[in-house]
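Engineer: The structure under discussion is supplied below as structure tokens; questions concerning it will follow.
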């Protein structure tokens, strides 16, 4: 690494960040205002959020791996799925399913969300991204920004701009005891679902022919074409997988916060992109790890660091953590925490 | 034995044996065309924009904008049903048009049928009674659906007939239709302008009633437009032959000439059209100013910045804090006196430049798409901090800062939108001038070189740090200036005005005008800021329109509407 | 030795465990044409990139006209008077031919940006002078007539020459050419040989080049350095190198000093 001006700036920033974090932690530890149970709650909530971010991050990471495109519309693809799933949930409310077998009801909602998001992702790829794929430059990125707005505003126009409360089975509002701690059921459910989906995705990507083709394309698209891989199919498949995982992630997110509205995809989308970069974009395990780290940082961060610094109302600044983490990683380690340094093009 | 190439293809065999697939095959394209147009119509209906358009009257008691869209979609289905290689025989064409149109009509009829499902009405807020009335012509569902299919078929036939016309006639009809729609849609604007003078008032009264175009007026406008549209190319050719030197002069300096015309129009219009148009144009000029700033970053230096709004916010807050007559202003609790607008502006701009450089410093090494996300994050951080209780003692959180005074020239307060417009116009013309001068200078070339290939530019002696920081600084300066004007225009500053949407708005207008082109910024600002201001009732669909426009431009005209022949208007190279 | 324009001592570059270049020593005398040759993957381009600080070297020093340049930024390297071309031509694709060459003039322009904005007479004069100089170089490489075209509209051979004109426009004391004949047909190669010869005659330019075209290397070089697996295996005049048994072995894959391979037969 050359020690030029930019290098010193990077080092300086990193040092400042570390100092602030340390000062905050020391302050909080010395003040000792929170009980072990409270800390456990924060960690559990952070992990839950992290699971959701990881699910959304997977789509970013896979699409970036194959197309080198930051899909700004990813979060909004998810929103569409969440909306349709919301209507299904409203339909299910009237049946007895919510009381008799809540697990089945939740599974149905998740599957609907996933399938709809996947369909939207496929349509978006086919009709917006494919025509600009060869244009180069900023064209694909700007198209994805445009698509993000189009999807958001379509949801707003069709379903209204108000915030709707997500109906959920009463079971999710309870909590269960683990040892001396109590954990909300919804968090247990989210973590289980996220783990299941991630395991399934891992199997698909590593165990199927299409998954192999996907990894080959991510490695070197031109070589993949020469090996007889239909790149259009691979890209569509990637968007399909990304849509499926994002749909599940989106519905889980909606179940955590118990609400749905047309802009809901934007913030978790950007944060999940941060998670994908954090873990090394293009890498699937990286996206999972990045999501968990980001979730934990958001869950514990405000209390652990900002509270210690004596900042009023630290929860208002919660989003700061995701963005600060994202920027620090982009500046100091763009290959991510677990990625290899990219070889410089000769 | 047959040779390979004499073997009939399996498909041909099938065609010989069965005529039904042949017909299906021939009708595949018309059906697809009809379906595409039908889906477009349904989308417009369900997203809620069709009903709003229905509220805009084009021709009084005859046609609304919404009906116009439906008609045009039907005609388009018919026109698109013909393949390029289709024979000139008329009957197959008519059949194709009829099929395409009926499919289109059927799609709309399906949309109408959805109204029968009670559950959907609670779900889709756009399934309103007005929409139902519009689609069903006030009929019962059954007859309405039949009518839709039949009317669609007729439209399709008409569309396919239209597409058989010669190029000249097609152009003339198209111009006429466009002129009528534009005249009807913008009737408020045109009427206010026409009503101001007695001789134009007569024309206005002839064409318009207060609700919209009269049908006689529509005929007149259409006829004039058709004549002008068909004579224009001939006149141009004649002119080139008669006055070769003048013609050459005009076409050589075309962009300068057009720019001059554009600016002239912008500067004269508000004086003619009054305060309402002045307000609209003020917004256009303000966004042009910001666009000029962002264009330096994105268009020239290739730095895709989505946190641009931060500089705008700094300019606005600095001006407000320095000048406001309120308890949160700096003068209230420090020894700094409350400044006048003119003294505060240089300080606000300088602060914006400092923030721009500080903003650019950390992201110096971040490239292409990553830069977009990093700057977006930086912008969001600024917003979150401004909104928080943490910064509230200085910036007053969500309550914002009120009572920002208007600028004075001598003892005259620049309080009317028109006077503020002229102030902004001067600023944005200055910005355009700077951008234009820099384009063909050492710095401008260094930026473009960095945009095309960072490494090669450095190897030729371009100092990356200096060039990039200058781009951020200059871009921020113009944004800060715009922010200062914004604060004094609203006489207040709220954190919620400075969100990501504003960055996207400015980005969209330079992309749509043409990245890297100065005229493009103005065109983009007129289209993306001026038009929505004029069509107020569509205000909430503004971002839908932006999103669609961004995608369409990227697919069809990636260099923007005002694409220059100069290669500097090309798309910058992003992440390799 | 001390009068060397470019002096590279013990330069090494490793990527992880791989040593791409090991202990490279190079002395380029003023006015000389020095060729760097070797089979594919020998580390020539890496060495080249380390010299111009495109990639920072792991160890070793690079001095130019008695001044250390290792660890410098690429624009500082350009400022001391080193210009280069690239194996896969890298022009500024969205700019015109003339603008490309004008970027080459960048380091000689001193007028600050605000005086160009204010249309000060000094800025105008300098801009005109820079344009005249750029046109002179375009004329020199025979591209004067296409100066307003976008750079990407040129034919392959023209793009090569434009890249050289852009490098020459910065008035370098050392020109580094990375495979100037890559992808050219025989007649274009001949033209390039003549062109580089002319450069030496007209400008007495010092040139370091990587080259595969043995004919070009043999006709033009004063000094040839042969690399193989990251190390220098031979150095000397073209004639000396051609007879070196290690070189022959490296190119033909025979064991060291295999007697039956006759240098006259090999085209290297």
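Protein chains in written order, with my numbering: chain A, 59 to 404; chain B, 49 to 624; chain C, 0 to 267. Quick reminder that beta carbons are idealized off the backbone N, C-alpha and C, glycines included. Since we're looking at a predicted model, the values are computed, not measured.
#1: Just how far apart, CA to CA, sit residue 337/B and residue 252/B?
#2: What do you reckon, are the CB atoms on residue 146/A and residue 213/A nearer than 8 Å?
#3: How far does the alpha helix (DSSP H) with residue 275/A in it reach, from first residue to last?
#4: Express the C-alpha separation of residue 560/B and residue 310/A in angstroms, rounding to a whole number.
#5: Given that a residue counts as buried once 16 or more other Cβ atoms are within 10 Å of its Cβ, and exposed if not, what is residue 291/B?
#6: Cβ of residue 36/C versus every heavy atom of the ligand SAM: is any distance shorter than 7 Å?
#7: So residue 489/B contacts chain C; which residues on that side make the cut at Cβ distance below 8 Å?
#8: With a cut-off of 8 Å, does the C-beta of residue 208/A fall near any C-beta of chain B?
#9: Quick check: is the beta carbon of residue 392/A nearer than 8 Å to any beta carbon in chain B?
#10: In the DSSP assignment, find the unbroken beta strand (DSSP E) run with residue 63/C in it and report its ends.
#11: Using Cβ-Cβ distances below 8 Å, what residues of the stretch 67 to 80 of chain C are close to chain B?
#12: Mind checking if residue 396/A is an interface residue toward chain B, Cβ cutoff 8 Å exclusive?
#13: Quick check on residue 107/B - is its C-beta less than 8 Å from some C-beta in chain A?
#14: Measuring only the C-alpha atoms, how far is residue 124/C from residue 318/B?
#15: Pull up the CB-CB distance for residue 353/A and residue 107/A, whole angstroms please, since I reckon it's below 8 Å.
#16: Answer with yes or no whether the minimum CB distance from residue 547/B to chain C is below 8 Å.
#17: Taking contact to mean at least 3 C-beta pairs separated by less than 8 Å, is the stretch 540 to 549 of chain B in contact with the stretch 465 to 472 of chain B?
#18: Under 9 Å Cβ-Cβ, which residues of chain B neighbour residue 46/A?
#19: Give a yes or no on whether the C-beta atoms belonging to residue 337/A and residue 301/A are separated by under 8 Å.
#20: Whole angstroms are fine: how far does the CA of residue 266/B sit from the CA of residue 110/B?
#21: Quick check on this structure: which residue in 194/A, 307/A, 373/A has the alpha carbon closest to the alpha carbon of residue 135/A?
#22: Residue 203/A CB to nearest chain B CB: under 8 Å?
#23: So what's residue 256/C in DSSP terms, helix, strand or just coil?
#24: At a CB distance below 9 Å, what residues from the stretch 472 to 504 of chain B approach chain C? Give them in sequence order.
#25: At which residue ranges does the stretch 314 to 401 of chain A contain complete alpha helix (DSSP H) runs of 4 or more residues, listed in the order of the chain?
#26: Kindly say whether residue 338/B, judged by its beta-carbon, lies nearer than 8 Å to any beta-carbon of chain A.
#27: How would you label residue 51/B, buried or exposed, when you count the other beta carbons within 10 angstroms and need 16 or more for buried?
#28: Hey, could you find the ends of the alpha helix (DSSP H) residue 222/C is sitting in?
#29: Please list, in chain order, all residues of the same chain as residue 475/B whose beta carbon is under 6 Å from its beta carbon, the five residues on each side excluded.
#30: Using three-state DSSP, classify residue 119/C as helix, strand or coil.
#31: Under DSSP, the alpha helix (DSSP H) around residue 242/A begins and ends at which residues?
#32: Taking only the alpha-carbon atoms, compute the straight-line gap between residue 276/A and residue 115/A and give it to the nearest angstrom.
#33: Short check: CB of residue 106/C to CB of residue 509/B, under 8 Å?
#34: What is the DSSP secondary structure of residue 35/C, counted as helix, strand or coil?
#35: Please report the distance separating the alpha-carbon of residue 40/C from that of residue 20/C.
#36: Any idea which residues DSSP pairs residue 256/B with across the strands?
Structural biologist: The answer reads as follows:
#1: So the two alpha carbons sit approximately 34 Å from each other.
#2: No, the pair does not count as a contact, with Cβ atoms beyond the cut-off.
#3: Note, residue 275/A: alpha helix (DSSP H), 267 to 277.
#4: For residue 310/A and residue 560/B, the distance between alpha carbons rounds to 37 Å.
#5: Exposed is the call here.
#6: You won't find the ligand SAM in this model; it holds no ligand whatsoever.
#7: Listed along chain C are 112, 115, 116, 122, 126, each with a C-beta nearer than 8 Å to that of residue 489/B.
#8: So, interface residue.
#9: Chain B contact via Cβ: present.
#10: Note, residue 63/C: beta strand (DSSP E), 58 to 63.
#11: If the cut-off is 8 Å between Cβ atoms, the stretch 67 to 80 of chain C has 72, 73, 74, 76, 77, 78 near chain B.
#12: Not closer than 8 Å to any Cβ of chain B, the Cβ of residue 396/A fails to qualify, so no.
#13: Judged by the 8 Å Cβ criterion, residue 107/B is not in contact with chain A.
#14: Cα to Cα, residue 124/C sits roughly 40 Å from residue 318/B.
#15: So it is a contact: roughly 4 Å between Cβ atoms.
#16: Cβ-Cβ to chain C under 8 Å: no for residue 547/B.
#17: Not touching, per the Cβ criterion.
#18: This structure cannot settle anything about residue 46/A, because the visible part of chain A is limited to 59 through 404.
#19: No, the pair does not count as a contact, with Cβ atoms beyond the cut-off.
#20: The C-alpha of residue 110/B lies about 11 Å from the C-alpha of residue 266/B.
#21: Minimum Cα distance to residue 135/A is reached at 307/A.
#22: Judged by the 8 Å Cβ criterion, residue 203/A is in contact with chain B.
#23: Confidence at residue 256/C is low in this model, with a pLDDT of 45, below 50, so its placement is unreliable and no value can be given for it.
#24: Result list: 481, 482, 485, 486, 488, 489, 490, 491, 492, 493, 494, 496, 497, 499, 500, 501, 503, 504.
#25: With a minimum length of 4 residues, the continuous alpha helix (DSSP H) runs that stay inside the stretch 314 to 401 of chain A are 324 to 337, 342 to 359, 376 to 390.
#26: Output row for residue 338/B: interface = no.
#27: In this prediction, residue 51/B has a pLDDT of 44, which is less than 50 and means its spatial position is unreliable; what the coordinates show is noted afterwards. Only exposed fits residue 51/B, as fewer than 16 other CB atoms lie within 10 angstroms of its CB.
#28: Per DSSP, residue 222/C belongs to no alpha helix (DSSP H); it is in the beta strand (DSSP E), 222 to 227.
#29: Excluding positions up to five away in sequence, the list reads 337, 529.
#30: In the displayed model, residue 119/C falls within coil according to three-state DSSP, outside both helix and strand.
#31: Per DSSP, residue 242/A belongs to no alpha helix (DSSP H); it is in the beta strand (DSSP E), 239 to 242.
#32: Spanning the two alpha carbons is a distance of roughly 16 Å.
#33: Going by C-beta atoms, residue 106/C is nearer than 8 Å to residue 509/B.
#34: Here residue 35/C sits in strand by DSSP.
#35: Taking the straight line joining both Cα atoms gives about 10 Å.
#36: Partner(s): 261/B.
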